[in-house]
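Let me begin by presenting the structure, written as structure tokens, before commenting on it.
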Amino acid sequence: MMNDDLEERQEMLRCFLTESWELLDDVEPEIIAMESTSLSSGDFDQETLNKIFRLFHSLKGSAACLNFNTISSVTHEAETLLDIFRQGTMVEPKHVDLLIRTCDLVRTILNTLEQQHSDQGFENEAEVIINDLQHAIASLTGNLTESEDDLNLDIAEMTGRFVEESLELLEEAEKSLLELEKAPGNLVFAGQAFRALHSFKGNAGFFGYADLEEVSHQAETLLDKIREGEKSCASVDISFLLIALDALRDGVQQISSGLTPQLPIKEDLINHLNNLSQMTDGVMNKKEQRQELNTLEESKEIEHLQINTPVEVTETECHPSDPKERQPVSGRQQVIRVDIERLDILLDLVGELVIAEAMVANNPDLQGHQLDRFEKAVLQLDKITRDIQEVAMSMRMIPLAGTFRKMVRLVRDLANNQNKKINLEIVGEETEVDKTIIEQIADPLVHLIRNAVDHGIENPEDRVAKGKPETGRLTLEAKHSAGEVWIIVEDDGKGLNRDVILRKGIERGLIKADNQELKDEEVWKLIFEPGFSTAEKVSNISGRGVGMDVVRRNIEKLRGKVDIRSKPGSGTILVLRIPLTLAIIEGMVVRVGQNRYTIPISSIKESLQPRPEQITITPDNLEIVRIRGELLPVVRLHEYYQVESMFHQLTDGILIVVENDDKKCCLFVDELIGQQQIVIKGLSGYLGHVRSISGCAILGDGDISMILDIADLINTVEKAKG
Amino acid sequence: MRLKERLDADLLEEDFELDEDTQENKYLTFVLNKEEYGIEIRYVTEIIGIQNITVVPDMPDYIKGVINLRGKVIPVMDVRLRFGVEERPYDDRTCIVVINVRDHVVGLIVDRVSEVLDIPESEIEAPPKIKKGEGSRFIQGMGKVGEQVKILLNAHRLLFDEEE
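Just so you know, the sequences run in chain order A and B. Counting from 540, one number per residue, gives the positions in the first sequence under our numbering. Counting from 10, one number per residue, gives the positions in the second sequence under our numbering.
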């Protein structure tokens, strides 16, 4: 874990350095150009000023993200100064000089960063520049005149920036607090959190957000005591501080919605923080503390356990492989930034290339000819096309690290809430998945982790009584396996209770009573049914029976599967299996009359031409086929889709055994045409949703084939049976 | 069967190179069931000959299915059926007029494509109110061209209007 940490930090550092060099290289010439212009007219292009402002703002943001506080404080002042210029104040040569000195200092620090990995050691120089910048600002703000219009626009813009900055600062503070909790002796983290809150307080005060200012002041005071060593950091301190951060975050959200921020729990929060600051260790009864904490959290009425998108913003800024809107800049970079739109266009074209290549390779004109050299050439073309495809797809891949990291805070809060001790282990976070998967996987993961904490892992006393270690183990793992990405959530809790689930299943009419033959896996699958929950008590975390249903739906959207394994008393493992390539699949093309359908190979178990003795017709006219002892219903595709079929006798055509989620059936078709790699194209939005069709594919001869959605088909058929 | 121009190549080229502004008052006219219809040329992206149509299940009868247009899958509508008129077997003069309305690309199957005509607003009269059947609800106006009358269609309603 330590090595991973180090590597990850290196990566982030590299990313930060690349970005920062880029920014400086880009904008410094403009600042220098300002020098000559200021000598002549003092009149500057607004666009240039904005650009320079953004330089310092971005630098500040990234630096803050990585706790390079020297850089961030210096750039903060520069940014403030630039802002004054943006609003119309004249720039004088001495200001330009100041800005250039700021850039120089940042460059020097960046250079040292490359070796040293920290921006310590430059505090003195930084202080000098900060003072100078502040002087300049102070002297200029005395003479500020603006028109009414500008003021209004500026207020909106400034508020926007305040929101952005504040969220960044709060996130920074949260990170530091979590680190501090793990290592209470390491006061550096206390210092970082203190500085973040201090900046936040300053900004809030400037804008006149009294509530936010007061709360952050109390939090800052407490942190000050901790970082000075006057008070040692206890878990309850962290908890209250985190609650304070959440409250502040809410306030900021209110601002971004255009409201004045008001914190209803402000009084309580301030009192508690104050008390904590005043006391020395061990004075307040631990139990009382816990109770206070619980009431406070409940009275908040906010889902502070929700993972919000603002967090996303800062996270993605630090990822090297995340493409963003920027022009590519050459230089010392190993990374290039690409417009995500361009990537999508490229991927579309790659898809078209695959189709066109298939149309060449499978062209009907070639039938019956002996074309050895041609075929060799086509094989080569095929190989290259696949390679291009792979590379193109890999460009949209992002490591799961960001998503996994967010779970750390979630687990901590959940565990504390329930007085359980849980250690979250993250494995394989560097595993990369397509961007769309990342977006869809967050919610399911949250549900699964909540379940593991709420229902899986027992409280410390029970665990010890069972002979388990007091601290529960929760593992979040990701890995690639055979064209899929596996995301595994494993806990060593009490496992799933087969009897309780069976009982609930019977109660809800999902299974016939007392079906002892049901395998364990089938029993576990029941928990995915909507509204299914075996929790006796509905807490506000889980128990409403909504979670697992959502999980399954989200995973199915990605054409993935969920596997469950559980051992009573030992724990539960949930595996989310998601195919890596979303748009290109292996399909089996079949013919029914004049129509061709494609069935994803992953859904096909086998195909056969049935013999008369395998076929049974039930009294209600349902056709059943017996295959090696298993009885499977037959679905006549020509009837399902109301098309003409060449064959009507089951024994004349082909039966394809398809499966989804352990449910099987047989599709009756005229013939199997062959296996093909197909590019999935969505059916036009104009047509709307079509029964059991997930999209269409362009075949080798240019014709179109409908791709069957086996999951939907099996479900529809089951429902029809009643 | 790929891009087969049914019209004079010059005419088509000339009109398609015009930009948005000068496309006003220009209509592409086509024949359906012996009547002449027109649709604003600004919606028309191309005209192709009839080609293989893949059936899509569960669609209303006037949606014949989808076609492969240079790698893009687009739905096609038989305008006769849309108007409730009897179907006619497709021959080598049958065309698909590909239109783009509100980013939906749909092909319209018509008997024959005629020409692009300039019909100024002064020559367009309001649609007859009472006439039922034959797609009366899709009519935008009646355009007078010399001795003839062209029935001008509303592209939006043609695509999106539902049966009452």
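Glycine included, every Cβ here is placed at the ideal spot set by N, Cα and C. Keep in mind it's a predicted model, so treat the numbers as computed, not measured.
Item checked: Beta-carbon spacing of Leu709 of chain A, Val754 of chain A below 8 Å -> no
Margin query: Which of the three DSSP states is assigned to Tyr1136 of chain A in this structure?
Written below: strand
Note to self: Short of 9 Å Cβ to Cβ, which residues in the region 65 to 78 of chain B face chain A?
What the structure shows: Val65, Pro66, Asp67, Met68, Ile72, Gly74, Val75, Ile76 and Asn77
Next item on the list: State the beta-bridge partners of Trp1025 of chain A as determined by DSSP.
Entry: A:Lys1018 and A:Arg1116
Note to self: Assuming Lys159 of chain B is part of the alpha helix (DSSP H), what are its boundary residues?
What the structure shows: From DSSP, Lys159 of chain B is part of no alpha helix (DSSP H) but of the beta strand (DSSP E) over Gln157 to Leu162.
Next item on the list: Would you tell me roughly how many angstroms separate the C-alpha atoms of Glu711 of chain A and Asn606 of chain A, rounded to the nearest one?
Entry: 8 Å
Next item on the list: Check the Cβ of His113 of chain B against every Cβ in chain A and list those closer than 9 Å, keeping chain order.
Entry: Ser1223, Gly1224 and Tyr1225
Item checked: Pairwise C-alpha distance: Asn663 of chain A and Met1087 of chain A -> 56 Å
Checklist line | Neighbouring residues, chain B, relative to Gln1181 of chain A (Cβ below 8 Å) | finding: Pro66
Margin query: Using a Cβ-Cβ cutoff of less than 8 Å, which residues in the same chain neighbour Asn962 of chain A once the five nearest sequence positions on both sides are dropped?
Written below: Thr1010, Gly1011, Arg1012 and Leu1013
Check: Is the shortest distance between the beta-carbon of Asn61 of chain B and the beta-carbons of chain A less than 8 Å?
Finding: yes
Note to self: Any beta carbon from chain B within less than 8 Å of Glu1178 of chain A's own beta carbon?
What the structure shows: no
Notebook entry, point to check: Within the 8 Å Cβ cut-off, does Pro98 of chain B reach chain A?
Noted result: no
Notebook entry, point to check: Can you give the Cα-Cα distance for Met1264 of chain A and Glu95 of chain B, rounded to whole angstroms?
Noted result: With chain A covering 540 to 1261 only, the question about residue 1264 of chain A has no answer from this structure.
Notebook entry, point to check: At a CB-CB cut-off below 8 Å, which residues of chain A make contact with Gly58 of chain B?
Noted result: Those within 8 Å of Gly58 of chain B in chain A number zero; the least Cβ separation is about 14 Å.
Margin query: Does Met932 of chain A come out as helix, strand or coil in the three-state DSSP assignment?
Written below: helix
Next item on the list: Helix, strand or coil for Asn589 of chain A, going by three-state DSSP, please let me know.
Entry: helix
Check: Using the beta-carbon of each residue, which ones in chain B are nearer than 7 Å to Cys1235 of chain A?
Finding: Val75 and Val82
Next item on the list: Could you check which residue in A:Val667, A:Leu598, A:Gly1221 and A:Ile676 has the C-alpha nearest to that of Leu649 of chain A?
Entry: A:Leu598
Notebook entry, point to check: Do Val889 of chain A and Ile927 of chain A have their C-beta atoms within less than 8 Å of each other?
Noted result: yes
Note to self: Less than 8 Å between CB atoms is the rule here; does Lys1220 of chain A satisfy it with respect to chain B?
What the structure shows: yes
Next item on the list: Below 9 Å between beta carbons is the criterion; list the residues of the region 883 to 895 of chain A that meet it against any residue of chain B, in chain order.
Entry: Gly890, Glu891, Ile894 and Ala895
Margin query: Under DSSP, the alpha helix (DSSP H) around Arg951 of chain A begins and ends at which residues?
Written below: Ala940 to Asn956
Notebook entry, point to check: To the nearest angstrom, how far is it from the Cα of Asp883 of chain A to the Cα of Ser933 of chain A?
Noted result: 12 Å
Checklist line | Chain-ordered chain B contacts of Val1229 of chain A [CB-CB under 9 Å] | finding: Val65, Pro66, Asp67 and Met68
Checklist line | Pro568 of chain A in three-state terms, based on DSSP | finding: helix
Check: Who are Ala677 of chain A's beta bridge partners in DSSP?
Finding: Bridge partners of Ala677 of chain A: none, in fact.
Notebook entry, point to check: Residue range of the alpha helix (DSSP H) that Asn77 of chain B falls in?
Noted result: Careful: Asn77 of chain B lies outside any alpha helix (DSSP H), inside the beta strand (DSSP E) at Ile72 to Leu78.
Next item on the list: Closer than 7 Å by C-beta to Leu168 of chain B: which residues in its own chain qualify, once you throw out the five before and the five after it? Chain order, please.
Entry: Val110, His113 and Val115
Check: Does any C-beta atom of chain B lie closer than 8 Å to the C-beta of Asp1242 of chain A?
Finding: yes
Check: Taking C-beta to C-beta, are Ser1142 of chain A and Ile1249 of chain A nearer than 8 Å?
Finding: yes
Check: By Cβ distance, which residues of its chain are closer than 6 Å to Thr853 of chain A, with the 5 residues on each side in sequence left out?
Finding: At Thr853 of chain A, the pLDDT of 29 sits below 50, so the modelled position is not reliable and the matter cannot be decided from this model.
Next item on the list: Please classify Lys1096 of chain A: does DSSP put it in a helix, a strand, or coil?
Entry: helix
Check: Does DSSP put Tyr748 of chain A in a helix, in a strand, or in coil?
Finding: coil
Checklist line | Contacts that Met1245 of chain A makes with chain B (C-beta to C-beta distance below 8 Å) | finding: Thr63, Val65 and Pro66
Next item on the list: Starting from Lys1106 of chain A, follow its DSSP beta bridges and name the residues at the other end.
Entry: A:Gly1110
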